[in-house]
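Data block below; observations after.
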Amino acid sequence: MKVTLEFRGGAELLVNGVAQHPVDLDGCKWTVARLLTWIQDNLIQERPELFLQGDSVRPGILVLINDTDWELLGELDYELVENDNVLFISTLHGG
Amino acid sequence: MPIECSTGCHKNAVLKRPKTGDALCKDCFFWVFEEEVHHTITAAKLFTPDDYVAIAASGGKDSTVLAYIMKLLNDRYNYGLKLVLLSVDEGITGYRDDSLETVKRNEQQYSIPLKIVSYDELYGWTMDRIVEQIGLKNNCTFCGVFRRQALDRGATLLKVDKIVTGHNADDIAETVIMNILRGDIARLQRCTAIVTASEGTIPRSKPFKYTYEKEIVMYAYFKKLDYFSTECIYSPNAYRGYARAFLKDLEKIRATSIIDVIHSGECFSVRDGVKLPTQGICEQCGHVSSQPVCKACVLLEGLNKGKPRLGLGKTSKIREHLKRNDENLAGVEASDADTDKINIPKTINIKQLDF
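Line by line, the protein sequences are chains A and W.
All residue numbers for the first sequence refer to the numbering used here, where the first residue is 8 and numbers rise by one.
All residue numbers for the second sequence refer to the numbering used here, where the first residue is 1170 and numbers rise by one.
Structure follows, in structure tokens:
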């Protein structure tokens, strides 16, 4: 399943400074929870503790799925579909 | 299943508001966000017509959204303000020079003139050179102390009536917590004020006092505003980092935590008889100071005399030593050693990356 992962607001620093990552996920039934673990294992280059805390993203990182706040979509339980865009925006950088 | 906007406009919601839990569509979110800031501005009577207002602009998310909103509300509600962007160039290669490029683009995008004041012009030192002297341990003290005055000095040069800063609700709640943890009662009293002004200084206000960081970031994202987001290369402000992480954890459990903490900060009162430092004027540079000589002048003197650690400890302790060894710098050496032990950088009440 092809999805696009995007990192902004400073979160791109955790993934080599690259904002957009088109990825191809094997198999089906990809929840956001599963995706987060996959990102942790496959994409995060440095300071993994700045991305995940427990089984979710670190508080202060906003998540938008197809430009909609994941808090409206079931957060970790949301099931990805083909061509979804998942965006992580860090708010923890200075203003 | 998409959720519909809570306002009943039948469009699909794009975000959940942290403050109220409402699900809002993009247009209703923009409207509510802008109207709340307008309400904050009018309720606190932050401006009067014909005010010349400097927007403290770092190129980061808060000040970029602030510049956009100030322009928009000034036009929509005929505030009658003359706006100017005021940026401070700390002289940090690879950090500030990039963010200043963002501010320069904002100048064009929002048609607001820009004034940049640099540490080099004001103090004769850039942060790069200060770091060469002091290393990476107390550099944020220098940067913060100098920045606060730099804004005032820039604002004085421009002859503005008021300064607005992009401090948001999260920043203020963090500051409340930091001031409590440090026992800094004087700053605890001041830090929740929407306007800070003292005799002879230009009033500063925070139109985003009640605006959540999440909404600022969402607003910037949905409006596709051009902002800069890279950590300062000279180490983050660790203490604030802890306060911030703690608040974010609280917010996760209870979304109103941020406003609740601000409310608590506002409600603290100091009992009669507690001695608070009174704010006066620095006898060297004339800026506001709770000591006879302001922190910036003390730090600057240290740098210029090749004793950069002077001024990093308790101001009263340093003055004592200075008094005793007025004509002889040997005393300062002793105070240097002492301050190493105490090492309580009287930290400043402002966000490290923002002003």
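Beta carbons are placed, not taken as given, at the ideal position from N, Cα and C, and that holds for glycine.
For Ser1458(W) versus Ile1450(W), is the C-beta distance shorter than 8 Å?
yes
When the distance is taken between beta carbons, is Ile68(A) closer than 8 Å to Ala18(A)?
yes
Which chain A residues sit within Cβ distance under 8 Å of Lys1185(W)?
Asp76, Glu78 and Leu79
Taking the beta carbon of Ala1499(W) as the centre, do at least 16 other beta carbons fall within 10 Å, making it buried, or is it exposed?
Confidence at Ala1499(W) is low in this model, with a pLDDT of 43, below 50, so the placement of that residue is unreliable and no value is reported for it.
Contacts of Gly16(A) in chain W (Cβ-Cβ under 9 Å):
Lys1230, Val1386, Ala1389, Tyr1390, Tyr1396 and Ser1398
Using a Cβ-Cβ cut-off of less than 7 Å, give me the residues of the region 1203-1220 of chain W that come near chain A, in sequence order.
none
Can you list, in chain order, the residues of its chain whose CB lies under 7 Å from that of Glu1343(W), leaving out five sequence neighbours each side?
Arg1409, Ala1412, Arg1413 and Leu1416
For chain A, find out if any of its Cβ atoms is closer than 8 Å to the Cβ of Ile1349(W); answer yes or no.
no
Check whether Trp37(A) and Leu87(A) have beta carbons under 8 Å apart:
yes
Bridge-paired residues (DSSP) for Cys1287(W):
The question names Cys, but residue 1287(W) is Ser in the sequence shown. In DSSP, Ser1287(W) forms a bridge with Asp1258(W).
Distance cutoff 8 Å, beta carbons only. Does Gly67(A) sit that close to anything in chain W?
yes
Give me the DSSP bridge partner(s) of Val1386(W).
Partner(s): none; Val1386(W) has no beta bridge.
Using a Cβ-Cβ cutoff of 8 Å, what residues of the region 1413-1427 of chain W are near chain A? List them in chain order.
Arg1413, Ala1414, Lys1417, Asp1418, Glu1420 and Lys1421
So, with DSSP's three-state summary, where would you put Ala1319(W)?
helix
Host alpha helix (DSSP H) of Pro27(A) (start-end)
Pro is not the amino acid found at residue 27(A); the sequence shown has Gln there. Looking at the DSSP string, Gln27(A) is not in any alpha helix (DSSP H); the run it does join, the beta strand (DSSP E), is Gln27 to Asp31.
Check whether chain W comes within 8 Å of Ile51(A), counting only Cβ atoms and requiring the distance to be less than that.
no
Does any C-beta atom of chain A lie closer than 8 Å to the C-beta of Ile1431(W)?
no
Residues in its own chain within less than 6 Å of Phe1311(W) by CB, not counting five upstream and five downstream?
Ile1299 and Leu1468
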